[in-house]
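In this note's numbering, the protein residues as written are 44 to 222.
The beta carbon of each residue, even a glycine, is placed where N, CA and C say it ideally should be.
None of the values given here were measured: they were computed from a predicted structure.
Take a look at the structure below.
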Amino acid sequence: MPLTRRSFGALGVAALAPVQVLAQAAPMERVTGDDGRFTIDMPRGYTTKTSPRPDGGTMLQYSYLWKDAVGQYNAVELAVVDPPPGSTRQIDIREAQRILAARYPNAVPADTRDIQSGPAKGVAFSMTIASNRGYGPHAIAMRVYAMGGPLYEMLAATRVEDRDDPTVTAFLNSLRVLR
Numbered sequence: 044m045p046l047t048r049r050s051f052g053a054l055g056v057a058a059l060a061p062v063q064v065l066a067q068a069a070p071m072e073r074v075t076g077d078d079g080r081f082t083i084d085m086p087r088g089y090t091t092k093t094s095p096r097p098d099g100g101t102m103l104q105y106s107y108l109w110k111d112a113v114g115q116y117n118a119v120e121l122a123v124v125d126p127p128p129g130s131t132r133q134i135d136i137r138e139a140q141r142i143l144a145a146r147y148p149n150a151v152p153a154d155t156r157d158i159q160s161g162p163a164k165g166v167a168f169s170m171t172i173a174s175n176r177g178y179g180p181h182a183i184a185m186r187v188y189a190m191g192g193p194l195y196e197m198l199a200a201t202r203v204e205d206r207d208d209p210t211v212t213a214f215l216n217s218l219r220v221l222r
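Laid out in structure tokens, this is it:
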């Protein structure tokens, strides 16, 4: 399944989505994928969107946006990318990491480590991006897991000061790939 360059839906529709201003962690709810392959804790009020992919597969996005103390948008998102029916291609998580990082050409890599969720192997990495809007640098934390054909892409985008926000931490630590 070829990976394509695209922007995350949550960041692309920030001006259109209802947004909360949080002073504390958002209330979370456990979400189970329709087919029981995974669970994740998402903030209440999240949105979903399913899109066809050019290769014949599909992508299901779970997104949540909120404003921080200075009015900047924060976002968490899970994208579950399924290959086209009958595909036997295995995803290389390092290739997926390179493609995701390439979406942010002015970013400075911060760290990378191998991770695992159940039987799915993955990579966690983060980047810092300078802001030209006067609000200081932003942090993007990503986790990518692959198991067989599906790819799980997690993203948390915040100002650097908010990278340890309880909502972000709870979200990033919650994905459980079950099968």
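Exposure label - residue i; buried when at least 16 CB within 10 Å
i	result
D208	buried
S106	buried
Q104	buried
S160	buried
P70	exposed
A66	Because A66 carries a pLDDT of 48, less than 50, the predicted location of this residue cannot be relied on, and the following value inherits that uncertainty. Exposed, by the Cβ-count rule.
V211	buried
R12	Outside the shown range of the chain (44 to 222) lies residue 12, about which nothing can therefore be said.
R156	exposed
P86	buried
R222	exposed
D205	buried
S50	The predicted model places S50 with a pLDDT of 40, which falls under 50 and marks its position as unreliable; any figure quoted below should be read in that light. Exposed, because fewer than 16 other Cβ atoms sit within 10 Å of the Cβ of S50.
A112	exposed
F214	buried
Residue i versus the options, residue with shortest Cα-Cα distance
i	options	result
A145	M185, V119, K164	M185
Y178	V123, N117, P193, K164	N117
M102	E120, G88, K110	E120
G88	D205, P95, R96, W109	W109
G114	P148, T155, T201	T201
P180	L198, G191, V151	V151
S174	T131, L215, N149, A153	N149
T131	F168, G191, A199, D154	G191
A153	R96, F214, F168, L143	F168
L143	F214, A199, A213	A199
8 Å Cβ cutoff met for residue i and residue j
i	j	result
V166	Q140	yes
I183	M170	yes
T75	T82	yes
P193	D135	no
D98	P127	yes
A189	A163	yes
Rounded Cβ spacing between residue i and residue j (contact assumed at less than 8 Å)
i	j	result
S217	D84	4 Å
E196	V187	6 Å
R73	V220	Actually they are not in contact, since the Cβ atoms of R73 and V220 sit about 14 Å apart, beyond 8 Å.
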